[in-house]
Structures are given as structure tokens and as C-alpha cells.
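Here is the structure we will look at.
In my numbering, the protein residues as written are 2 to 494.
Written out as C-alpha cells, the structure reads:
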């Protein structure tokens, strides 16, 4: 690639990212409170929350792995998107209760359900950190993989550059600055993805030509939905649905909404946009296959990078900015989430002295720099775009999914002893780890979640739950009202 083309790509990306950085600093300057850093001041508009949910969910996975899935397995890609949407819709069912609880992180929910316990807080915080940290490293890898092939720049400098860029979106104002910059990036991403998908199809000779060149089973029903194989689809289900349900990034945006109703609506809109992202990846993937069928299933992660080498300069500039915006939106969200757990939960579990809001924000910023550096080093050492996500989702879900979701449901009527949570989390972790080490054909996340479920039931029989008349209110106190968890505000049964 010639110097002029690289300069054009860099200029376009600089303009788009520059607007995002300006938004981040502008919003951060006006929102300097500790609550603004952690949960967006609990006052983000619904449309901002919807786009930040979408921008958070759609990152390097869609750009690299999902385009590759569309290339190799056609319609099977929509299982992945549907599993993400299923998780988002389940969270939406609890959105009202979650928003009223004024939580800041997932460990706060566990404390509300099972009581304050230093060990519980620490274990949950570490388990919660697994997924966003895995996302962070994955986005660094995705960025470097794409642009290394296009520009010829070595892998390591690109990861370092993305790490520095990510810091610019988190340091000014935490979640508040991340969410508002995500809103801008989300609007940009939706528009450009439509343009790129149309161009890909036209470059392949039009949709009829794509259908002619690509094997029929990629498009036909139900064959197209099963091309990935039952084992892969089951793996996606047990990794993505429980992983989404225990992914703190989605919950923080619920906590940041103005109301439970806004939080629920934003999740619905975000789910629609996630499906649109799946459509984008499908059209890009099959169009690339029509143009270059030689990559094969083993080379599916190369599909997006190959396509970058085929587009004209003007579109490459827009595409480059699109890729950077997409990846940065996810890295910023993941980075802020990890730091929130480290400062709000792990630090709070061991340090009793209360810091001032200014001290907490300053410490959060230093921690943000440290986490970014660690993620960049690991991304350079272990550059795999898919293994990060699969492993982090599996272990986090095995530890958290059952005690959190069952706990929220049972909170309608019972106070659950903390021992039940410990048993479920410990057995889930061991079950997942053993299955992972054995290399089982069944996804190891399945073993972890099943083991956690069995342990929860047995532990409930040993440590009896205490019935609370009317259930637990979101603030942790017994309530005598008959409000249903997940019901719209004001609705009763």
C-alpha cells in the first residue's frame, strides 16, 4: 500500500476518532463525580444507552470472527447473534428491579442477594472481570490483525497504538464519556456498515451472482443454519447466553439509565441493532466467498482482512475509520468495566478507609493505564481472536450465571444463605476447569453451568433459605408489596 493511501486512511480515522475524543473530554469535563465515572450519573438518555449497548456488543468479533463465520457457514452466523439477543432480552426482563437497586457493578447485586462478605465480593469481582478483560485483549488483537495486513505495519506497534487510543475515551469521565462517544460511534457504525455491505455485494457482481457462486447450503433452510455443526452451535449457546447474562458491560448501562423503562427499551433497541450487525457480517462474508472461495473454513478469520485489500481508496478510508470506531467503542467499555470492579469491589473489600470522590477518580485513572498495559502485553503474547472470548465467557458464566440469576428470581420470596452461592460458584469453576483440561467434545461451559446448578440445589437443601414476606426490595430490605421483579414500573400481580 502506498504512502498516500495510508495517509488518507489515517486522516479519515483521525477525524472520526478525533470527534469521539472531543465528545469524551467535553462530557468528562462536565461530569466529574464518582457516580458519573462508575454509572454515567444514572441519568443517561435512552437513545444514548441503546447505542452504547450496541456499540459495546459489536466489536472485533463482528469485524473478524463473525465475517469469517458468514464466509464459512452462511446462515449459521445468526445463531451467534440470536444468543446475544436472547441474553439481552432476559436482562431486560429484570431491568426495572436492577435500575431501582442503584447498583454500580455485578458484585453489588451479589451483596444485595447474599449479604456482604469479603470473600464473596472478591470472588465475584474476579469472575466478572474475566469477560471484559478478555474482550479488551480480543479487540487489540482484532485491530492489529486487520490493519497489519492492510498497511504492512508490524503487529506489536498496532496493539500499542490501539491501547493508547482506548485510554483517551476512558480517562476523561469513565462510563459517562465512554457512553456518549459510543453514541456517536454507534450512529456512524450503523450507517457505514450499510454502505460497506452494499459495496461488497456489488463487488461480487450483485446478489444473484453471489448466490450463483456460493454453495446452495450456505443460503438454504435449514441446511444453512446447521453448517457450523451442532457442537459449535451448542458451544455458542453455553458461552454466549450465560456469558451475556453475566457480562457487566450490559448491566452498567442498565444502572446508568434514567429509569427502568428506559433501560428496558434501550436493550430492545440494542438487540435489534445487534441483529443488523449479523446481517452485515453475513452479507460481507458470503460476498467475500463469492469473490475468493479459496480461503476455506480454516482461513475464515482472514476473510475480513482480505476484503480490506480489495476496496477502493475512498472506501478503504471510511472502512478503516469504521473499524477503528467499532473496536474503540468496545475497548473503552471493557476497560472502564474492569477498572470499576478493581476500584469499587476488590479495593473496597480489603481497604476500609473511605476515599474522597477526587481520590477515587484519580486512582481509577491510574488503574485504567495499568489494565490497558497488561491487556496489550497479553494480546501481543497470545494473539488469538476467538480463544480469548470462548475461555473467558465459559469460566465467568460457570461461576456467576446460576447464583446470580436464580438469586434474583428467588429474591421475590427468600433470603439465600451465602454458603449456597459459594457452593454453586466453586463447583461450577471446578466442573468447567476439569472439562476444559480433559478436552471434552461437549463444550466445557456446559459442564460448569450444569455442575453449578446441581450444587445450588444441593446447597439449598443443606442451608435452608429464609422466607421473606413480600420478597426483597431492590434496596435489600423486605418489602410487603406484591411488585413483580421485571414488571414495568407500577405494574403489579
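A virtual CB, placed ideally from N, CA and C, is assigned to each residue, including glycine.
- Query: Residues in its own chain within less than 8 Å of residue 218 by CB, not counting five upstream and five downstream?
  - Reply: Taking the chain shown and counting its residues from 1, one reaches residue 218 at position 217. 75, 224, 225 and 228, listed in sequence order.
- Runs of alpha helix (DSSP H) lying entirely within the region 102–133, each at least 4 residues, in chain order: 107–115
- Backbone secondary structure at residue 95 - three-state DSSP: Indexing the chain shown from 1 puts residue 95 at position 94. Coil, per DSSP.
- Message: Looking at residue 35: is its Cβ nearer than 7 Å to the Cβ of residue 279?
- Response: The residue you call residue 35 lines up with position 34 of the chain shown. The residue you call residue 279 lines up with position 278 of the chain shown. Contact: no.
- Query: So, is residue 159 buried or exposed, given that buried needs 16 or more other C-beta atoms within 10 angstroms?
  - Reply: As a working mapping, residue 159 is identified with position 158 in the chain shown. Counting Cβ neighbours within 10 Å, residue 159 comes out buried, since at least 16 surround it.
- Message: Between the region 321–334 and the region 180–200, can you find at least three pairs of beta-carbon atoms closer than 8 Å?
- Response: yes
- Message: DSSP three-state label for residue 220, please.
- Response: Indexing the chain shown from 1 puts residue 220 at position 219. Residue state, collapsed to three classes: coil.
- Mind reading off the beta-carbon distance from residue 339 to residue 137? Whole number of angstroms is fine, and I expect it under 8 Å. The sequence position of residue 339 within the chain shown is 338, counting from 1. The sequence position of residue 137 within the chain shown is 136, counting from 1. Confirmed, Cβ separation roughly 7 Å.
- What do you get for residue 273, buried or exposed, if any count of 16 or more other CB atoms within 10 angstroms of its CB means buried? Counting from one through the chain shown, the residue named residue 273 turns up at place 272. So residue 273 counts as exposed.
- Message: So, does the region 427–436 touch the region 444–451, judging by three or more C-beta pairs under 8 Å?
- Response: yes
- Among residues of its own chain, excluding the 5 on either side of residue 90, which ones have a beta-carbon nearer than 8 Å to its beta-carbon? Along the chain shown, read from residue 1 onward, the residue named residue 90 stands at position 89. Cβ within range, chain order: 268, 269 and 272.
- Excluding the five sequence neighbours on either side, which residues of its own chain have a C-beta within less than 6 Å of the C-beta of residue 69, listed in chain order? What you label residue 69 is simply residue 68 of the chain shown in a count that begins at 1. Closer than 6 Å at Cβ, skipping near neighbours: 301, 302 and 304.
- What span of residues does the alpha helix (DSSP H) with residue 496 cover, start to end? The requested residue 496 is not part of the displayed model; the chain covers only 2 to 494.
- Item | Between the CA atoms of residue 467 and residue 196 - distance to the nearest angstrom | Residue 196 sits at position 195 when you count from the first residue of the chain shown. Residue 467 sits at position 466 when you count from the first residue of the chain shown. Taking the straight line from one Cα to the other gives about 57 Å.
- When we look at the beta-carbon of residue 386 and count the other beta-carbons within 10 Å, is it buried (16 or more) or exposed? Here the question's residue 386 lines up with position 385 in the chain shown. Confidence at residue 386 is low in this model, with a pLDDT of 47, below 50, so its placement is unreliable and the value that follows should be read with caution. So residue 386 counts as buried.
- What is the residue span of the alpha helix (DSSP H) that residue 462 lies within? On the chain shown, residue 462 is found 461 positions in, with the first residue counted as 1. From DSSP, the alpha helix (DSSP H) with residue 462 extends over 445–463.
- Query: Using 8 Å as the Cβ pair cut-off and three pairs as the minimum, do the region 400–416 and the region 141–155 touch?
  - Reply: no
- Can you tell me whether residue 240 is buried or exposed, with buried defined as 16 or more other CB within 10 angstroms of its CB? For this step, residue 240 is matched to residue 239 along the chain shown. Buried, by the Cβ-count rule.
- Message: Looking only at its chain, what residues have a beta carbon closer than 6 Å to the beta carbon of residue 205, apart from the 5 residues adjacent to it on each side?
- Response: Taking the first residue of the chain shown as 1, we reach residue 205 at position 204. The residues are 211, 288, 291 and 292.
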